[in-house]
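Working notes for the structure below.
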Amino acid sequence: MDAAATDPDYDVLVAGGGLAGAALACALGATGWRIGVLEPGGAGDRRAIALSASSERVFRALGLWEAVAPRAVPIRMVHVSQQGRFGVVRLRAEDTGLPTLGQVLHHEDLLHALHARIDALAQVSLLRGWRATGLAEDAHGVTVTVSAHGGTGGRDHLRARLVVAADGARSVLREALGIPAQVTDYGQQALVCTLETARETRGVAYERFTPDGPLALLPAGARQCTLIWSRPEADAARLATEPAERLGVAVQAAFGHRLGRLRVAGPVQRFALRMLRAERNVAGRVVLLGNAAHTLHPVAAQGFNLALRETAWLAELLYGQWRAGAPPGAHGILEQFARRCAADLERTARFTDALARLFTTPGLGPLRSAALAGLDLAPPLRRRLARLGMGLYGAVPRLVAGVPLQEDERCMPIW
Ligand SMILES: Cc1cc2nc3c(=O)[nH]c(=O)nc-3n(C[C@H](O)[C@H](O)[C@H](O)COP(=O)(O)OP(=O)(O)OC[C@H]3O[C@@H](n4cnc5c(N)ncnc54)[C@H](O)[C@@H]3O)c2cc1C
4 MDAAATDPDY
14 DVLVAGGGLA
24 GAALACALGA
34 TGWRIGVLEP
44 GGAGDRRAIA
54 LSASSERVFR
64 ALGLWEAVAP
74 RAVPIRMVHV
84 SQQGRFGVVR
94 LRAEDTGLPT
104 LGQVLHHEDL
114 LHALHARIDA
124 LAQVSLLRGW
134 RATGLAEDAH
144 GVTVTVSAHG
154 GTGGRDHLRA
164 RLVVAADGAR
174 SVLREALGIP
184 AQVTDYGQQA
194 LVCTLETARE
204 TRGVAYERFT
214 PDGPLALLPA
224 GARQCTLIWS
234 RPEADAARLA
244 TEPAERLGVA
254 VQAAFGHRLG
264 RLRVAGPVQR
274 FALRMLRAER
284 NVAGRVVLLG
294 NAAHTLHPVA
304 AQGFNLALRE
314 TAWLAELLYG
324 QWRAGAPPGA
334 HGILEQFARR
344 CAADLERTAR
354 FTDALARLFT
364 TPGLGPLRSA
374 ALAGLDLAPP
384 LRRRLARLGM
394 GLYGAVPRLV
404 AGVPLQEDER
414 CMPIW
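Under my numbering, the residues of the sequence shown are numbered 4 to 418, in order.
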């Protein structure tokens, strides 16, 4: 019998156990399918991630919120300003009718919670140290070629009915599929580090636009916040090697004194800033998810939040297939997934890209000041903007509505 026609190793094989791939594997734990997750393992990441209200609901619906909540810092207000000019916008949680605008967590805490859940699910296997090196599709499924640090026990490939490429911005599987990606290089890097503040942060996230790039301070504790400062590449490289005291002075000069004296506390990480958009996120029985499909500038803190909404759509559609006894990815369900995600992706990518450029375009200062001041005085517009940032816009999948996949569909709230 043809080897390809025999039982596959997995129903769904996820290449990449980062935030997006691991979240999908957790959600698919609701099915009875065998799920494999390949994760080569990378350096620890102390980056803060601002989770939108939509993402918090997904974590709650997956029963994972309790695991991360003790370390979550709620965002109650977002304060937007521009350096050297008047005009401020304050987006408040109470404007939206919700208790918080979002929550700040550490990337590694989120990842730890997701991996711990995977380890607890009998039918989901996290193959630590394993990486995908290529793939080929045939009439029965997909063959993924693999390698592993500690050896693969003689396996050079794994077979699956459906493959999800969640292997990051430099996705090997996207390359192997020949899917082109449009890349915009912002010529900037983000400097990320922890700051101690003389004044209490009180749940306020700051977004300050400077002529060289946006500077964000996310609350990380009573007197602690995370800096995400986008700077031109050469400047970021120089600042990253400055002694902590001099970097602190530079941050203070750009941010001002709203939080009193700022002190750099901890190592500085650097991230190159590019926008990447794959031409499509579905090819045959392969889906691109998260950074593999799109990477956004961090200015609006949308990358993972968007990826999680897409994960929620994919999980919902696949869960429906499992309940109907259909194989994963059959009957045009992946095309349906692509269609459901299209508007959200377009809206979020455009919004993020516009923000990244708007405040570094010379000559628009007075106009921007007037726009910020006007927005601050227009509650309906502020509310709309806040809901966009929170990911609660248009039709949302069940998990984003906070409803577990297994729950009776009649309980589905109407948005
Ligand atoms: C400075 C900065 C701040 C950010 N802040 C926010 C924020 O506040 N809010 C927000 O929503 N988003 C934010 N983002 C975006 C967020 O980090 C990404 O959207 C998110 O990490 C995407 O997760 P991912 O799993 O798709 O990709 P990745 O995190 O890149 O994970 C990919 C995974 O695939 C694995 N892998 C790589 N190659 C292979 C292979 N060949 N085979 C198998 N596995 C492989 C890797 O080891 C990794 O675990 C920020 C980004 C940056 C740069």
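In this text, a Cβ means the ideal position worked out from N, Cα and C, and glycines have one as well.
Supposed close pair residue i, residue j - CB separation, criterion 8 Å
i	j	result
arginine 79	valine 207	7 Å
proline 235	cysteine 228	Contact doesn't hold; Cβ gap of about 23 Å is too wide.
glycine 100	proline 11	Contact flag wrong, Cβ pair sits at about 47 Å.
histidine 109	arginine 49	6 Å
aspartate 122	leucine 129	6 Å
Any non-hydrogen atom of ligand 1 closer than 7 Å to residue i Cβ
i	result
glycine 251	no
glutamine 106	no
serine 39	Serine is not the amino acid found at residue 39; the sequence shown has glycine there. No, since every heavy atom of ligand 1 falls outside the 7 Å radius drawn around the Cβ of glycine 39.
isoleucine 52	yes
isoleucine 231	yes
glutamate 338	no
leucine 22	yes
proline 235	no
asparagine 308	yes
aspartate 238	no
glycine 224	no
glutamine 305	yes
aspartate 122	no
asparagine 294	yes
alanine 315	no
alanine 169	yes
proline 45	Reading off the sequence, residue 45 comes out as glycine, not proline. Yes, ligand 1 has a heavy atom inside 7 Å of this Cβ.
proline 301	yes
glycine 19	yes
alanine 179	no
glutamate 210	no
glutamate 42	yes
Extent of the continuous alpha helix (DSSP H) to which residue i belongs
i	result
arginine 350	336 to 361
glutamate 111	110 to 123
leucine 27	22 to 30
serine 57	56 to 64
leucine 104	Note, leucine 104: premise wrong, no alpha helix (DSSP H); not H, not E.
glutamine 255	247 to 258
threonine 314	306 to 327
Interface flag, residue i vs chain B, CB-CB below 8 Å
i	result
glycine 154	Considering every chain present, this structure includes no chain B. It has just one protein chain.
Terminal residues of the beta strand (DSSP E) in which residue i lies
i	result
alanine 160	The question names alanine, but residue 160 in the sequence shown is histidine. From DSSP, the beta strand (DSSP E) with histidine 160 extends over 160 to 168.
glutamine 14	Per the sequence presented here, residue 14 reads as aspartate, with glutamine not at that position. Segment 13 to 18, the beta strand (DSSP E) holding aspartate 14.
aspartate 188	184 to 200
tryptophan 36	From DSSP, tryptophan 36 is part of no beta strand (DSSP E); its letter is neither H nor E.
valine 92	91 to 95
glutamate 282	Unbroken run through glutamate 282: none, as it is neither H nor E.
alanine 240	First-last for alanine 240: 236 to 244, but that is the alpha helix (DSSP H), not the beta strand (DSSP E).
arginine 1	What is shown of the chain runs 4 to 418, which leaves residue 1 out entirely.
alanine 179	First-last for alanine 179: 175 to 180, but that is the alpha helix (DSSP H), not the beta strand (DSSP E).
Whether residue i touches residue j by CB criterion (8 Å)
i	j	result
glutamine 191	arginine 273	no
threonine 204	glycine 263	no
valine 175	leucine 16	no
leucine 276	tyrosine 209	no
alanine 345	alanine 169	no
leucine 31	leucine 321	yes
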